[in-house]
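Okay, so here's the structure we're looking at.
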Amino acid sequence: MKRGIYIVCMMLVLFGGCKSRRAAERKGAGKDMSVTELLEAVRKNEPRFEHAQAGKISVTLVYQERKMTFGGSISVLADSLAVLSVQPLFGIELFRAELRKDSVLLVDKMNRRYAVLPLRLQGMDLRQRKTLQDMVSNRMFTVCDATLLEPRRMALQKTDTHYVLSFDDPEYGMLHYTYHIDAQTFRIKEAQLAVSGTTVGMHVRYDDMRPADGIVFPHVFDFAFTMPDGQQMSCRISLLRLSFQEQVHIVPANVGRYEQIGLFDLLRK
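Counting from 1 along the sequence shown, just add 797 to a position and that's the residue number in this note's numbering.
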């Protein structure tokens, strides 16, 4: 249970912020594409939605030679509130995480405690929230202001089945991105964010692409993390019941009678 909390911040934003737009999937052309053409095609095929709900998810976490599996659900309401509920036993909610516009609220319901994590880290302010949302929504993500991206500074390679696009962050130069993009559907299949000069990084593979309510979306996410101390953690998230069309009703957690503690105290116990 404790280790599962470590990835809640990442999981609870699984469906990202949302503007209503459905793009028809485009098939790859016979000729190779320029960086500008590829970026346009990727953007047109990214999943877009206003609200979403995964009524059942399965999470498998591997960390320090330990393998843990637990279940839960995720709900997203427009660009306002996202909630992840961890329910490992008989559907009883043991832990809840809420992504708000300016913070993440973590609630340990078993011990009646909570912690608040402001989304203002390393000078990135609220942009960090959108980065997380895009990353786990099968969209192209950047920590920098996306308007700063320059196609002429991006490296592009073509294989038989994929385009490989890589570039450095123009605002935070230590960050390096690599995307593997399907040459037929222009959908992102793999993405990697690495810190230059270190082994620190994150890799995500999107799998089991299929439509749900008319929106093509990955139903399996495979994450791999390398931390500053060299330790590695992997996580597979499977969406077992996904919907984009049903209305989502979310009641924010009431922590009025809970004890507020520090984030690391919550994670450590």
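C-beta: ideal position from N, C-alpha, C; glycine also.
Secondary structure of ARG845 (DSSP, three-state): coil. Cα atoms of LEU962 and LYS955: separation of roughly 9 Å, rounded to the nearest angstrom. Taking the CA atoms as reference points, ILE1012 sits about 13 Å from ASP1005.
Annotation: GLU1043 to LEU914 spans about 30 Å, alpha carbon to alpha carbon.
Bounds of any beta strand (DSSP E) do not take in VAL933, whose DSSP letter is neither H nor E. A residue is called buried once 16 or more other Cβ atoms fall within 10 Å of its Cβ, and MET932 is buried on that count. The three-state secondary structure of VAL832, taken from DSSP, is helix. Secondary-structure assignment with DSSP links VAL856 through a beta bridge to PHE867, ILE1034. The beta-carbon distance between ILE978 and HIS959, rounded to whole angstroms, is 6 Å. This is short enough to meet the 8 Å contact definition. Under the 10 Å beta carbon count, GLU947 is surrounded by fewer than 16 other beta carbons and is classified as exposed. VAL904 has its alpha-carbon roughly 12 Å from the corresponding atom of ASP1062. Residues of the same chain with a CB within less than 7 Å of the CB of LEU836, apart from the 5 flanking positions on each side, are PRO948 in chain order.
Judged by beta-carbon spacing, ALA1009 lies beyond the 9 Å limit of LEU972, meaning their Cβ atoms are not closer than that value.
For the set VAL856, ASP957, ALA991, TYR969, the Cα lying nearest the Cα of VAL883 is the one of VAL856. DSSP places ARG897 outside both helix and strand once states are collapsed to three, so it counts as coil. Only residues of its own chain outside the window of five on either side were considered, and among them VAL1001, CYS1032 have a CB closer than 6 Å to the CB of PHE1020, listed in chain order.
The closest CA to that of LEU896, considering only GLY1053, GLN1057, VAL1048, is found on VAL1048. For HIS959, the uninterrupted beta strand (DSSP E) segment begins and ends at 959-965. For the options GLY970, SER934, TYR976, the alpha carbon positioned closest to that of LEU953 is the one of TYR976.
Taken atom to atom, the span from the alpha-carbon of ILE889 to that of MET907 is near 10 Å.
Judged by their CB atoms, PRO844 and ARG936 are nearer to each other than the 9 Å cut-off. Non-local C-beta neighbours of THR833 in its own chain, meaning closer than 7 Å and more than five positions away in sequence, comprise PRO948, ordered along the chain.
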